[in-house]
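Heads up: the structure comes next, in structure tokens.
Number of protein chains: 2
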Amino acid sequence: MAKAIIKSSLKPGSRSKMADSRVLPRRNLQTARRSVRPPIALDALNDHLGYFIRRAQIWVFGDFIRTLKGIDVSPAQYSVLVVTGANNGLSQAELAATLGIERARLVRLLNRLQERGLVQRLPSSADGRRHALTLTAPGRTLLARAKALASRHEKRLSEKLGGERRKALLDALRDF
Amino acid sequence: MAKAIIKSSLKPGSRSKMADSRVLPRRNLQTARRSVRPPIALDALNDHLGYFIRRAQIWVFGDFIRTLKGIDVSPAQYSVLVVTGANNGLSQAELAATLGIERARLVRLLNRLQERGLVQRLPSSADGRRHALTLTAPGRTLLARAKALASRHEKRLSEKLGGERRKALLDALRDF
DNA sequence: TGACGATCGTTGTCAAGGTCAACAATATGC
DNA sequence: GCATATTGTTGACCTTGACAACGATCGTCA
Numbered sequence: 608m609a610k611a612i613i614k615s616s617l618k619p620g621s622r623s624k625m626a627d628s629r630v631l632p633r634r635n636l637q638t639a640r641r642s643v644r645p646p647i648a649l650d651a652l653n654d655h656l657g658y659f660i661r662r663a664q665i666w667v668f669g670d671f672i673r674t675l676k677g678i679d680v681s682p683a684q685y686s687v688l689v690v691t692g693a694n695n696g697l698s699q700a701e702l703a704a705t706l707g708i709e710r711a712r713l714v715r716l717l718n719r720l721q722e723r724g725l726v727q728r729l730p731s732s733a734d735g736r737r738h739a740l741t742l743t744a745p746g747r748t749l750l751a752r753a754k755a756l757a758s759r760h761e762k763r764l765s766e767k768l769g770g771e772r773r774k775a776l777l778d779a780l781r782d783f
Numbered sequence: 608m609a610k611a612i613i614k615s616s617l618k619p620g621s622r623s624k625m626a627d628s629r630v631l632p633r634r635n636l637q638t639a640r641r642s643v644r645p646p647i648a649l650d651a652l653n654d655h656l657g658y659f660i661r662r663a664q665i666w667v668f669g670d671f672i673r674t675l676k677g678i679d680v681s682p683a684q685y686s687v688l689v690v691t692g693a694n695n696g697l698s699q700a701e702l703a704a705t706l707g708i709e710r711a712r713l714v715r716l717l718n719r720l721q722e723r724g725l726v727q728r729l730p731s732s733a734d735g736r737r738h739a740l741t742l743t744a745p746g747r748t749l750l751a752r753a754k755a756l757a758s759r760h761e762k763r764l765s766e767k768l769g770g771e772r773r774k775a776l777l778d779a780l781r782d783f
């Protein structure tokens, strides 16, 4: 039931019916059937890039997560594994900066990956504060599987959008 | 300090230096100066649309939030206000479905907006379960200000990307 | 008419992310 | 040597998202 009206100036009772009939002419005329649902206007949202970027992000991440859930690798974990694998001995601050995530968040991501035996935090000989991040052998193996699955996901994306449209998106978004 | 090694198979001490010198030849040769920082490869991430969508989303939302923080309107709140304002008498389930958010989350969003006196949950005369959502007069006023600020944000986006590139993005992302 | 299943708004809980402040250890610059 | 900056870490808080459950109401169909 719609019981919680919160503290508000709404006065239910006699006024409510009148207010509703003024406010909802469309629905009153259409018998409120589910099958005829009138189109809902997005109005100003149609001009906002951020709105569509968010929807796209939800779709893409959802498909990515579904595709890699068999090996239990999230998008964030995947990005950590890829960049660590391609740049041996990276420090955590460098990795966090290139991925655009907080150092504090990276610490927890790495904890999990290290517990699973995928990454190592070796002490840096040049700088006692740093860790030199490397993938373990199992880490490299898992990364290879992850890349294969991820490219399958990307292929699916290509089919959904069309190859040239996907490429245009990649180029346009690279500037952020 | 890099003290927490967690439970791991890492053995610090004699092995560490050797492992590091194998692993970090670049940094050893370059005297570890900040000014010469070597480029960090994104590797496979360069082919992943999701990675760039996420970065774009962070940038765009950040700019949007900064632009509207003066009137305390988040992106989610903005989308609720816009669609409610354009579709009088909408039910919460319909609104949640069109915005792609959970009914449960919308309840809390509306609570906040109703506490601020911006939206009303009128009882629906046709269906006792539903609420007919409407903007209050202050809600409409605030929405107008919000739209003005949001279009300023969008203009800034246009300058950053170039107008035609922004339009291409809008079209390409609309399919999600 | 009455019973049954579906829907609506709501609440609670849990996990994942982002943000921020603080800290000890270490490095750098003067 | 000393002040300052950086690194990794921890803790706290807040926002989202996801999911289950619930009472109230609707629709349907026997």
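Protein sequence lines, in the order shown, are assigned to chains A and B. For what it's worth, my numbering labels the leading residue of the first sequence as 608, then goes sequentially. For what it's worth, my numbering labels the leading residue of the second sequence as 608, then goes sequentially. From the three backbone atoms N, C-alpha and C, an ideal C-beta is built for every residue, glycine too. Since the model is a prediction, treat every value here as computed from it, not as a measurement.
Per DSSP, the beta-bridge partners of V726/B are L742/B. Note that the C-beta distance between R662/A and G707/B is below 8 Å. In this chain, V680/A is not harboured by any alpha helix (DSSP H), its DSSP state being neither H nor E. Residue contact check for A703/A against chain B: no CB pair falls below 8 Å. Secondary structure note for L675/B: its alpha helix (DSSP H) is the uninterrupted segment L656 to L675.
In terms of Cα proximity to A703/B, the closest of H760/B, A683/B, A751/B and E722/B is A683/B. What R772/B touches in chain A, judged by beta-carbon distance under 7 Å, is A779, going in chain order. Scanning chain B for C-beta atoms nearer than 9 Å to the C-beta of Q664/A yields G657, I660, R661, A663, Q664 and F783, reported in chain order. Judged by pairs of C-beta atoms under 8 Å, the segment 741-748 of chain B touches the segment 681-699 of chain B, as three or more such pairs exist. In this structure, T674/A sits near R759/A, with a CB-CB distance shorter than 8 Å.
Under the 10 Å beta carbon count, R773/B is surrounded by 16 or more other beta carbons and is classified as buried. Per DSSP, L716/B has no beta-bridge partner at all.
Residue H655/A holds the alpha-carbon nearest to the alpha-carbon of Y685/B among Y685/A, S731/A, V667/A and H655/A.
For L720/B, not one C-beta of chain A is nearer than 8 Å to its own C-beta. Interface flag for S686/A against chain B is set, since a Cβ pair is found closer than 8 Å. With a contact defined as Cβ atoms closer than 8 Å, S731/A and H738/A qualify at about 7 Å. For I678/B, the nearest beta carbon of chain A is not closer than 8 Å to its own beta carbon. Within chain B, no residue has its beta carbon less than 9 Å from that of L742/A; the closest one is some 10 Å off. Put simply, the CB of P682/A is near chain B, with a gap under 8 Å to one of its CB atoms.
Assignment of beta-bridge partners to L697/A by DSSP yields L740/A. I660/A is positioned such that its CB atom lies closer than 8 Å to that of I660/B.
Between Q699/B and R715/B, the C-beta spacing is not below 8 Å.
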